[in-house]
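Here the numbering used here = 1-based position in the sequence shown + 314. Think of the CB as a built atom: it goes at the ideal place given N, C-alpha and C, for glycine as much as any other residue. Take a look at the structure below.
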Amino acid sequence: LYSQGIGLTTDFELATTYFRIACRENISASCNQMGMMFQLPQKEFLDLEKASRLFQKACEIQNAHGCENLGLMYYNGEGVTQDLKKSVDLFGKACLLQSGKGCFYAGYVYAPQEKVSALTDQEKSLEYYKKSCEFGYGSGCFNLAYLYHDSKNSHHDYLKAARYYEKACWLKESKGCYSLGVYYETGKGVALNSAIAEEFFYMGCNQKEAESCKKIFLREQERKLKQPKRQARSNPINETKTKNFKTQSN
């Protein structure tokens, strides 16, 4: 509460004191929160070495977020020597602790990248993304769908891609809504259906997904162009005046 100022005046020093006491009592969430405080950009708090030690302790006492945060430090080489193997092991542990985000990170490290690394493993990536999706993490569902979408992937399957794009969409992963909309618009992996495509574009746009909003805008413009132009209505008063004028002139 003190760290976030919820109902209280923000006091990082006091928050650190409470987190430290709780962490000594092996309350894993406090160790993780304290580690995050030492990642703050303020000079008086920034201490990445302390942060890594606290995340390590949190992870050792089965805190998934501690494992994730330490894994990110090893992945990015922040406060520790960069080590992708250690990072993916930590993400894997977070995944075992049923963290969808941890599974997602592990899947990402194993996923085929532009630069192939020694850790690239398509099968493991697929496995971790599936677990991430099962735990309700939308980005995991989306990346899993993309693996099935990618024609270069040995598991290429548009039908499965559509299924996971839809799940990603319902889990508020806006790119999943857009991608499924494109599938319905083109008949890829699903039956061609422009109306359903538009529904998913609206869902994506409502989540502020730019490409979905663009699709909606273009469709509305197209509908306007197709509307028949209304003919100008005749004015009977003007017609009467014209006739009268002609009569008088005769």
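Hey, would you say residue i sits closer than 7 Å to residue j, going by beta carbons?
| i | j | result |
| --- | --- | --- |
| Gly-393 | Met-387 | yes |
| Phe-531 | Gly-490 | no |
| Ser-446 | Cys-417 | yes |
| Ala-420 | Val-402 | yes |
| Gly-503 | Leu-473 | yes |
| Gly-454 | Gly-391 | no |
| Leu-398 | Leu-440 | no |
How would you write the range of the alpha helix (DSSP H) that residue i sits in, first residue to last?
| i | result |
| --- | --- |
| Ala-482 | 472-484 |
| Glu-499 | 488-500 |
| Gly-518 | 508-520 |
| Val-402 | 398-410 |
| Gln-436 | 436-448 |
| Val-423 | 414-424 |
| Phe-326 | 326-338 |
| Lys-371 | 362-374 |
| Tyr-462 | 452-463 |
| Ser-526 | 524-540 |
| Glu-382 | 378-390 |
| Gly-349 | 342-351 |
Output needed for residue i: all residues of its chain with C-beta closer than 6 Å, excluding positions within five of it in sequence on either side, in chain order.
| i | result |
| --- | --- |
| Thr-561 | Model confidence at Thr-561 stands at a pLDDT of 44, short of 50, so the residue's coordinates are unreliable and nothing is read from them. |
| Cys-519 | Ser-526, Cys-527 and Ile-530 |
| Ala-408 | Ala-378, Cys-381, Glu-382 and Gly-416 |
| Cys-373 | Gly-380, Cys-381 and Leu-384 |
| Tyr-442 | Cys-417, Ala-420 and Gly-421 |
| Glu-499 | Ala-511 |
| Ile-375 | Asn-340 and Ser-342 |
My understanding is that residue i touches residue j, with C-beta atoms under 8 Å, so please give their C-beta distance in whole angstroms.
| i | j | result |
| --- | --- | --- |
| Glu-487 | Gly-452 | 3 Å |
| Met-350 | Asn-377 | Wrong, their Cβ atoms sit about 12 Å apart, outside the cutoff. |
| Tyr-497 | Tyr-479 | 7 Å |
| Gln-347 | Phe-369 | Not quite, the Cβ-Cβ distance comes to about 11 Å (not below 8 Å), so this is no contact. |
| Ser-493 | Ala-524 | At roughly 14 Å, the Cβ-Cβ gap does not stay under 8 Å, so Ser-493 and Ala-524 are not in contact. |
Going along the chain, which residues of its own chain have a beta-carbon closer than 8 Å to the beta-carbon of residue i, five neighbours each way excluded?
| i | result |
| --- | --- |
| Leu-360 | Phe-352, Gln-353 and Leu-354 |
| Gln-436 | Tyr-424, Ala-425, Pro-426, Leu-461, Asn-467, Ser-468 and His-469 |
| Gln-521 | Lys-486, Ser-488 and Cys-491 |
| Arg-477 | Ala-459 |
| Lys-438 | Ala-420, Gly-421 and Tyr-424 |
| Ser-465 | none |
Counting only the same chain and skipping the five closest in sequence on each side, list residues whose C-beta sits under 7 Å from that of residue i.
| i | result |
| --- | --- |
| Thr-323 | Its pLDDT being 41, under 50, Thr-323 is placed unreliably by the model, and the measurement read from it follows with that caveat. Result list for Thr-323: empty, nothing under 7 Å. |
| Ser-344 | Phe-333, Ala-336 and Cys-337 |
| Gln-541 | none |
| Lys-582 | As displayed, the chain neither begins before 315 nor continues past 564, which places residue 582 out of reach and without an answer. |
| Ala-475 | Ala-459, Tyr-462, His-463 and Gly-503 |
| Asn-564 | Because the pLDDT at Asn-564 is just 41, under 50, the model does not fix this residue reliably, and the value given afterwards should be weighed accordingly. The answer is none, since no qualifying residue turns up. |
Strictly under 7 Å for the Cβ-Cβ distance: is residue i near chain C by that measure?
| i | result |
| --- | --- |
| Ala-511 | Within the model displayed, chain C is absent; a lone protein chain is all it includes. |
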